[in-house]
Each structure stands twice: as C-alpha cells, then as structure tokens.
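The block underneath contains the structure these notes are about, expressed in structure tokens.
Residue numbers (the numbering used here), protein chains in the order written: chain A, 755 to 1126; chain B, 7 to 429.
Following this line, the structure appears as structure tokens:
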C-alpha cells in the first residue's frame, strides 16, 4: 500500500450523554464484541496499510486499554505499526488538540518521517467496511487533491450533525457545508479522506500559521474552490455512532441477518482484541429470542430483541426487551429492562424496573456487587 | 546465557484411539472440548498461569491441527523472545532415525532443546487431561523436600485404584513403593502423569536408559530413579482432574460443564483458560429458539432448540430442530426439523433436514463395541448426512454419506458407516 493511515479518535460527544462520560466515542462497544475503532483499524490492515497513527485526547483510558497490543489488527510488526498520539507537554507550551487539523499539526514530525506518498484519514466512530485501495485508485484517476468519501442517507436521519456535500456530474465537490441548520443535500461526508502526504503537510502548516485548527472547516471548506476536491460515493453499509439514537440503531442493525453476515462472516473480517471468556451459558428457565449474546454471559431470564455484550449476568425471572446490555453488567433477579442501554460494569439490583418511554433510556447503576 | 528455572515438556504425540473417529484426523490434545477449547488448552494455560513460559510440545500423530492451533503461542502469551512455545516433532538423525517410541524416549530425543535453557527443573506433562493446576506450588513442594522427582497424584476411590499407577508413600509423602495397575491396591494415590524432575536426575536417567526400547516414564524411568536411590515424592492434588480418554468420559466431562455451578468452573476470573479464537462475534438466537442448561460458543446461530448440550463456535442449528444431551463442535451445520439426542458431532459436519440421530433401541456396536457405547452417536469431522434419515444408538458415521447408505432411510443401532477411509 502506498499510504499511511490516520485515525481521528479525539472526541467525546454530548450527543452520547452519559455514555461518553468515561470513554471516547471510538471506544464504544459495538455489536456485542467490537469497539468502534475496530472498523477503521481492520479496514486499514485489510487494505495493507502498515503504519497507522491514532490521535486521541478525550477520556482515552478505555481506548488505550483496547489498543494496548496492536497484534489483534496485525500491526505488531517491525515495519510500520500502530502509533497512539495523545497531547503532550512540549518545550513551547502545553496545548490540547484544538481541533483535528491541530492534532495532525502537533504531530507533524510523524507525518514528515514517513515515506508513503498518500495518507488515508478516517474517523474512528463509524461502522463500515471499506477497501481503501479502491478509494486511493479513484483519487489518483481523478487527479484529485483531496477525495472525500460520502454517502447518500435516508431523509429521516438527522442530518444536522454531519457535513453535507453537493457534487457536480464529475463528482467534484461544489458545496460543502458543515453541520447545516437547513440541509440542501442528502449526501453527507463520512469523515474519510485521501490526500497526498506532502499536500497534507503543506495545508496543515499553512493552517497552523494562520491559527486555524479544524480539518473540515479550515481545510476542506476553505480550499474547496482552490483545490480539486472530489467525492467518492460509498454504497455499502456505513453508520456513525456518535449519538445515542444512532448508536442504538446501529447496534440493532446487527439483529438483521444481512448486516450480521456482512460484518461477521464475509471477507474481509473485522478484528478486535481477544478477551479470553468462556462460551455463553444458559441455565434453566431461559427464553432468548431474536437476540445477540456474547461470550462469557450467563443467562437465567428472558431476553428479546436485544444485544447482550460480553460477560453479562442476567438473573432469574428477568425480562430484557429492545435493550443493549454493555460489557460486564450484572442484573439481579426479577428485573425489567425495556428500551434501555445499560452502561458497562453496571450492577442492577434485584427487582428493579427500567423502561425508556419516548427515548432510549441510559441506565448507569454502580451498586455494590457481591460476587460469590 | 539463557536461563529458565523450570521448563515444561508437553507430550502431545498420542493418537488417543479410544476416542474413535474424533482422533481420526488429529491427535487427542487437539480434540475440541467445552464449546470453544481444545484439550491442550488446559495444560498450556496452566503453564502460563503458573509462570512457566518455556514449553516444548512433542508432536507425532497427525500434528497439523495441533500445529495450526498453537501457532506461535499468541493466545497463551507464549510468543516470547526467549523461550515461549516450540513444537518438537521427531526428526531424522545421521545415524538412526526413529519415531518417538515412548514418553521418555521422546524427551530423550530432545535433550538438546532442554539444554539450551539451562533448566534447574523440568516439568513433564501430558496433553490429554482437563484440569487447572498451579505447577509453581508443585515446584515449591519439590524444592522444600529436596526431591529429585516429584509425581503429582490424586486420591481415587479405592475400588477404582486398580486402573491406575498407584504410589505408596510414607507420612512425609515420600514414595516408598509403587505399583502399576495393582489387583490389590495398597493405596489410593493415583499418578496423574505429571512429573517434576531435577534436571541432573532426568538427564542422567534418560542417558543411562537410552537403549531401552519404548522408554517410558511410568515403566522405566521412575523405577530406575527409585532403584538408584533418588528421592521421589508424591504431590497430592485435590482439585478437578478428568481423564477424557474414552468417548464416554469425554461426553460426561463436557456435560458436567452445564451444571449451574459446575465443579470445573470456566467462569472464574482467576486461572483463565486461553484458546485460539477464530470466531469472536456474539451468537444469535432466533425468534423461535429455545435454550436451557447449555453452553454455546461464539458466532453460532440457533434457530431451533438446544437443551443440556455443549455447542461449539460457528454452529448453525435450523428451525424446528431439537438438540439434547449432545456435543456439537465448531462449524457444524444442522438443518431444520432434526432431532439430535446424545450425539457427539465433530467439526464441520453437515446434517440435512429432518434427520433423527440417536433413535431406537440400544445395540452393541458391530466394529468397536468398546469405543462406541453408552448410546452415543458419533459423527466424524466433515461428514455429510443426507436429509430425512434415521440413525440408531451406538453408531458411528464418518465421511460423505448419501441416502443410498441408509437402506429404508435408516442406520440401525450399533452400525458403523465409515466412508472417509484413511486420508
């Protein structure tokens, strides 16, 4: 591959409410066993990108733990590898990353020390599979300066938090609006870009000198008429998970056989860190229907149309419906959970009742857990 | 200089012929166990959990599955710069080339491997038992007694003692005598086939006895050490230890895992068992599925009913199918409206629709009554079973079968249908 990879894994999101209180969005568990960043990392490794930099700063704990070994994505090699860059104290001041472009600018020496001609930039909070080689070939064929991956989305999706794009018939981007109040197009940017490495260095240095910090606003939007910026339409599954509604919806998509098959079985695979948990166990009095259950779970109650992440314990006579139970949750007997997302490591006492009425309810319960 | 205090030598070359068709294409340590594991995962995990990070795995019989499972040892953190896991197959020498002719002979042929690490102690293990054991505690016992050889033993019911090698000890656990499968046992301490040798004692015994045909630890090396006046001690182990040498004991050991709180608990945080995770996604249970008292591996899709069973990874069970008291290994697909009762189905088997396994009266198996017994239906890996056939008890099926192999759509109890041959 002639490119290095950059994964922008910086942020929290107030649209995630309590879910990003203790972790970056990129570290959100997805589909029972992945973390959000696994999709970007797996796409990189499946596209034979050998050198990948992850820029992160907000609540990076979970993410760093997840990336503690790079071997799961096959980045544990002599040539290249996985580099995690967090803001650091420097001789000329201690600055947080003030934006995506600033994150790259503060680590420009890394970019300069590479020798690959291209850079693939992606955000770490999207669920998708993509061969970046095809994207790169398109970029070269179009003689593009920057190529932006975009997707047409359904009218009912809240477009407000994305950047919208309008292209001419040659796919050159004519209009790029960041987080529009009134959307004039249903084509959104997926936050995946290809750019020549030297071009990126040049644009970043310029932005740095002008004290501009955001890759989208200060580079894409600002240079859209000056540079040749093209759109590349993604037709396969893509979803951003950075709001509670989208997170819930994306997870629930995995109850559909075609989505499950696409991510779980079809080539190429999506990889994640291996945790050594035993197979899931079902005791007597269990009723599970149309649900995903991960390894290490012990189920005693009823689960319908739900996703149960790794290592959860569900007590006797529980009723779980339309809910997402995140990693390592303990649910006491006779508990009713409906339309909820139960935060990781939660302990729910016996005889509790939680129901999301209009919206999805986020349940964060840190009661004492008595392990026998 | 490279130096390891204790290294382990894991004997994994045996066929385990009493597991019948399950070991037709793989050595016994590579056979699946408990949904996602293979038997060798238990001693390998015990090694790393005990701080033993240098393990030689001696292979001989059909090693491919074992080799690919172990790889460079990543799942057990045995991918090390110094030490780690090394596969040790028999090899050609300038003067004589021989297979591993016995347990101790295999170790003798790898003296050079062991010498590289300048060990003080060598742990000898076999790859065919299910247990969790801290070898470091056993080593402490070995050191405290200043022993030359320590043999792990476990108490067995005295009426069963005549099936084992029995150690007779004094009150300090020093071995005063031993008997191999005695008719009238004088003790109930059975050898588990786990030994710690002080390096000098092991090396001397192996070199002195190198010309003994079929050099074996139980038959030759241990008696030799005793005769020579070495100090032998018995280390008593009182945890769960299960020999899964026969199909019946293999089936029973799997079934014990589905108890509410099994004696052998895989869910403890402490002392995890590691394995190669080829499949990691969660399992899907369909709208009309039903499960009880079962464990199910990752990535399986269950549309039917599963009761009292151990299901591996990536298994598909069709709508209307009922599986009970069975073991189904990785990657097997079972069609719709089947009934599977007390079956052991190996990896990547395809069972058609409307198949009934384990029906009818019990009859003795026609070819190997000592192996295919207790009503278990055994199906070898990559077998194919056509739609709408009925299969009796104590049967064995292997290879791609078609409806012509089942006269009147039936395979009677006790029949053996082997179409795989020796590949």
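Every residue, glycine too, gets a C-beta built ideally from N, C-alpha and C. Please read all numbers here as calculations on a predicted model, not as lab measurements.
Chain-ordered neighbours of residue 80 of chain B on chain A, where CB pairs are closer than 9 angstroms: 825, 1028
Own chain partners of residue 943 of chain A with C-beta closer than 7 angstroms, once the 5 adjacent residues on each side are dropped: 902, 904, 916, 917, 919
Rounded straight-line distance, which links the Cα of residue 85 of chain B to that of residue 79 of chain B: 5 angstroms
Contact under 8 angstroms by Cβ, residue 857 of chain A with residue 764 of chain A: yes
Host alpha helix (DSSP H) of residue 53 of chain B (start-end): 47–55
Beta-bridge pairing of residue 847 of chain A - partner residues as DSSP gives them: A/844
Pairwise C-alpha distance: residue 826 of chain A and residue 1106 of chain A: 38 angstroms
Nearest-angstrom Cα separation, counted from residue 105 of chain B out to residue 99 of chain B: 11 angstroms
DSSP state of residue 212 of chain B mapped onto helix, strand, coil: Residue state for residue 212 of chain B is assigned as helix, using DSSP reduced to three classes.
Backbone secondary structure at residue 792 of chain A - three-state DSSP: helix
Cutoff 8 angstroms: residue 1083 of chain A Cβ touching any chain B Cβ: no
Any beta strand (DSSP E) of 3 or more consecutive residues that is wholly inside the segment 765–835 of chain A: 805–809
Buried or exposed (CB count within 10 angstroms, at least 16 for buried), residue 124 of chain B: Within 10 angstroms of the beta-carbon of residue 124 of chain B lie fewer than 16 other beta-carbons, which makes it exposed.
Under 7 angstroms from the C-beta of residue 42 of chain B: neighbouring residues of chain A: 1033
Nearest to residue 32 of chain B (by Cα), restricted to the options B/65, B/392, B/389, B/260: When each option's Cα is compared against that of residue 32 of chain B, the closest is B/65.
Local Cβ density within 10 Å of residue 340 of chain B, reported as buried at 16 or more and exposed below that: buried
Same chain, Cβ closer than 8 angstroms to residue 255 of chain B, five either side skipped, listed in chain order: Around residue 255 of chain B: 248, 249.
Residue-level contact to chain B via CB, residue 1048 of chain A, 8 angstroms cutoff: yes
Within chain A, the residues that residue 296 of chain B reaches when beta carbons sit closer than 9 angstroms: 1040, 1041, 1042, 1043
Nearest-angstrom Cβ-Cβ length linking residue 8 of chain B and residue 122 of chain B, presumed shorter than 8 angstroms: 6 angstroms
Chain A within 8 angstroms of residue 278 of chain B, Cβ atoms only: Among the residues facing chain A, residue 278 of chain B is included, as its CB has a counterpart in that chain under 8 angstroms away.
Inter-residue spacing [alpha-carbon to alpha-carbon] between residue 1126 of chain A and residue 1082 of chain A: Reliability fails at residue 1126 of chain A, whose pLDDT of 49 lies under 50, so the model's placement of it is uncertain and the value that follows must be treated cautiously. If you take the alpha carbons of residue 1126 of chain A and residue 1082 of chain A, they lie about 16 angstroms apart.
Amino acids of chain A, ordered along the chain, whose beta-carbon sits closer than 7 angstroms to that of residue 49 of chain B: By Cβ distance, chain A contributes nothing, its closest Cβ being about 16 angstroms from residue 49 of chain B, past 7 angstroms.
Contact with chain B by residue 991 of chain A, beta-carbon distance below 8 angstroms: no
Same chain, Cβ closer than 6 angstroms to residue 1043 of chain A, neighbours up to 5 away in sequence not counted: Annotation for residue 1043 of chain A: 1058 place their beta carbon closer than 6 angstroms to its own, counting only its chain and skipping 5 residues before and after.
Exposure of residue 961 of chain A, with buried meaning 16 or more beta-carbon neighbours within 10 Å: buried
Within-8 angstroms CB hit, residue 303 of chain B to chain E: Looking for chain E here will not work: the only protein chains present are A and B.
Residue environment, residue 429 of chain B, which counts as buried when at least 16 other CB atoms sit within 10 Å: Residue placement at residue 429 of chain B is flagged as unreliable, the pLDDT there being 48, under the threshold of 50; a coordinate-derived value is accordingly withheld.
Runs of alpha helix (DSSP H) wholly within the segment 143–223 of chain B (minimum 4 residues, chain order): 205–214
Limits of the beta strand (DSSP E) - the one that residue 315 of chain B falls within: Premise fails: residue 315 of chain B is in no beta strand (DSSP E) and is neither H nor E.
Cβ of residue 273 of chain B within 8 angstroms of any chain A Cβ: yes
Cβ-based burial, residue 980 of chain A [other Cβ within 10 Å; buried from 16]: exposed
Chain B contact for residue 919 of chain A (CB, 8 angstroms cutoff): no
Where residue 300 of chain B meets chain A, residues with beta-carbon distance less than 7 angstroms: 1036
Cα-Cα separation, residue 1024 of chain A to residue 795 of chain A: 8 angstroms
Residues of its chain near residue 1073 of chain A, where Cβ-Cβ distance is below 6 angstroms and the 5 sequence neighbours each way are ignored: These residues qualify, in order along the chain: 1056, 1090.
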